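Asker: My structure is below; once you've seen it, I'll send some questions.
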Amino acid sequence: MNEARVNDPEDPANGRTSGHAIAARLERTNALLERMLAEVAKTPSTHAIFVDAGYVYAAAGLLVAGTEDRRSFDLDAEGLIDAFIDKARTIFADSRLLRVYWYDGARRRIHTAEQQTIAELPDVKVRLGNLNASNQQKGVDSLIRSDLESLARHRAISDAALVGGDEDLVSAVEAAQGYGARVHLWGIEAADGRNQAEPLLWEVDSQRTFDLDFCRPYVTRRPVTMYEGEDAGAADAEPPPSRDEVRFVGAQIAAAWLAERGHNAMTELLPGHPYLPGPVDQDLLIEAERVLRRSLRGHAQLRRALRDGFWQHLRSVT
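Numbering (my numbering), first residue to last: 174 to 491.
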C-alpha cells in the first residue's frame with residue numbers, strides 16, 4: 174500500500190518532490206545562461222572591410238585624375254587600405270578588425286605584380302575574379318557574397334564595411350543581414366551624377382562617402398601620352414573637339430569593335446549599360462585618342478560623349 178503511494182503521480186508528496194527537481198533544473202539553466210551572457214559581453218565586436226577594387230579604381234581615378242583608365246594614373250593601394258582601416262577604427266571604436274578583403278579581376282585568376290604586392294600587406298586578403306574575352310570582370314560579386322554570407326553566418330563579424338556600388342551586391346548585403354550582421358556602404362564621391370546603385374543604397378544599414386580631399390593623396394596622374402604630330406604647345410593652343418565629333422568617333426570604334434568581337438561579345442556587354450567594363454573603356458579611350466590625334470585626359474565631358482557614341486551604335490544594331 175505504501176509502495177503504491179510512492180509511485181502515484183497524484184500523491185501530494187510526490188508532486189512536491191517533482192516541483193523541487195524542476196526548480197533546481199531551472200536554477201542551473203539560469204546560471205548557465207548568465208555565464209554565457211557574461212562571456213558574450215566580454216567578446217569584442219569584429220568588423221571586416223570588403224573592397225571592390227574595380228569600383229575604387231574607376232571612381233577614384235575619375236574623381237582625382239579625370240579618367241577611369243588604370244594606365245593613366247597610379248593608385249597607392251597600401252595607403253588607401255590603411256586609410257580605410259583607420260576610418261573603420263574610428264567608426265567601430267569598440268570593435269577589432271578581422272581583415273580587409275580586396276576583390277579584383279585577373280586573367281585566369283593569376284595575380285598581377287600589383288595584386289601580388291597588395292596580397293603581401295598585413296591583414297589583407299586578395300580575392301580574384303576572372304576577366305573574360307571582352308575584358309569584363311566576372312565572379313567578383315559572387316566572391317563578395319560568399320565571404321560576407323559565410324562570415325556573418327559563423328558570427329565572425331558583427332559589422333561589414335562594403336566599398337562598392339554595383340547593384341549585384343544587393344544579394345550579398347541581404348545575405349549578411351539575414352544572419353544578423355550590419356552592412357555599411359562606403360563610396361567615393363562621384364565626379365558627375367551617382368556611382369552607386371540606388372537599390373544598394375536602400376538596402377544597407379548606413380552610408381558614407383569619401384570626398385576629393387580624402388582620395389587625392391592616393392591617386393597620381395601619369396604623364397600624358399603624346400601622339401605623333403602633337404606637342405604640348407599645340408595641344409594647349411588648339412580647341413578640343415566638339416562633343417558631336419567625339420560621339421561620332423565613339424560610334425566608329427563601336428562598329429570596328431563589333432566587327433572584331435562579334436554579337437556574342439556585344440550580348441555580354443549590353444546588360445552593363447550605361448557602364449563599360451574598365452578594360453573595354455580603356456581600349457575605347459586609347460583608340461579614340463589615336464583617331465583624334467590628341468589626348469582626352471582631363472576632358473570628362475568628352476569622354477562621356479565618347480562612351481555615348483559607343484553605346485549608341487551598339488544599341489542601334491540590337
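The beta-carbon is built from N, C-alpha and C at its ideal position, and this holds for glycine as well.
Treat the numbers as computed from the prediction; the structure is a model and nothing was measured.
Assign A478 to buried or exposed, taking buried as 16 or more other Cβ atoms, counted over all protein chains shown, within 10 Å of its Cβ.
Answerer: buried
Asker: If I'm right that A481 touches R420 with Cβ under 8 Å, what's the distance once you round it to whole angstroms?
Answerer: Ala is not the amino acid found at residue 481; the sequence shown has Asp there. Correct: roughly 6 Å between the Cβ atoms.
Asker: Within the same chain, show all residues whose beta-carbon is closer than 8 Å to that of L385, passing over the 5 residues directly before and after it, in chain order.
Answerer: L236, V237, E362
Asker: What is the residue span of the alpha helix (DSSP H) that Q369 lies within?
Answerer: That residue, Q369, is in no alpha helix (DSSP H); it is neither H nor E in DSSP.
Asker: By the three-class DSSP mapping on this structure, what secondary structure does L294 have?
Answerer: In the structure shown, L294 sits in coil (DSSP, three-state: anything other than H, G, I, E or B).
Asker: Among the candidates P412, S379, R198, whose CA atom is the shortest distance from the CA of E469?
Answerer: One detail in the question is off: residue 469 reads as Leu in this sequence, not Glu. Checking every option, the nearest Cα to that of L469 belongs to P412.
Asker: Let me check understanding here. Comparing Cα to Cα, which of V346, T290, I330, A329 lies closest to I317?
Answerer: V346
Asker: Hey, how far is the Cα of Q474 from the Cα of E462?
Answerer: 15 Å
Asker: With a threshold of 8 Å, are at least 3 pairs of Cβ atoms found where one atom belongs to the stretch 366-375 and the other to the stretch 276-295?
Answerer: no
Asker: Among the candidates F223, S331, A364, A424, whose CA atom is the shortest distance from the CA of A266?
Answerer: Sorting F223, S331, A364, A424 by C-alpha distance to the C-alpha of A266 places S331 at the top.
Asker: State the beta-bridge partners of R281 as determined by DSSP.
Answerer: Per DSSP, none; premise fails for R281.
Asker: Could you pull the start and end residues of the beta strand (DSSP E) that I222 belongs to?
Answerer: It spans 218-225 - the beta strand (DSSP E) in which I222 sits, taken as one unbroken run.
Asker: On the three-state DSSP scale, how would you describe E251?
Answerer: helix
Asker: Could you name the residues that DSSP lists as bridge partners for H357?
Answerer: A334, S379
Asker: Counting along the chain, where does the alpha helix (DSSP H) carrying T440 start and finish?
Answerer: 436-442
Asker: How many angstroms separate the CA atom of H486 from the CA atom of A427?
Answerer: Each residue's Cα considered, the two are about 6 Å apart.
Asker: Per DSSP, what are the beta-bridge partners of Y274 in this structure?
Answerer: DSSP lists F223, K298 as the beta-bridge partner residues of Y274.
Asker: How long is the line joining the alpha carbons of L253 and Y230, rounded to whole angstroms?
Answerer: 11 Å
Asker: Using only CA atoms, which one of D339, F257, V392, T290 lies nearest to T240?
Answerer: V392
Asker: Let's test the definition: count the other Cβ atoms within 10 Å of the Cβ of V490 and tell me whether it reaches 16, buried, or not, exposed.
Answerer: exposed
Asker: Starting from R476, follow the alpha helix (DSSP H) in both directions and report where the run begins and ends.
Answerer: 473-489
Asker: Tell me which same chain residues have a C-beta within less than 8 Å of the C-beta of L321, skipping the five on either side of it?
Answerer: F223, A333, L335, A345, V346, A348, A349, A354, V356
Asker: Starting from R326, follow the alpha helix (DSSP H) in both directions and report where the run begins and ends.
Answerer: 313-326
Asker: In angstroms with no decimal places, state the Cα-to-Cα distance between F383 and L373.
Answerer: 17 Å
Asker: Give me the DSSP bridge partner(s) of N203.
Answerer: According to DSSP, which records beta bridges pairwise, N203 is partnered with nothing at all.
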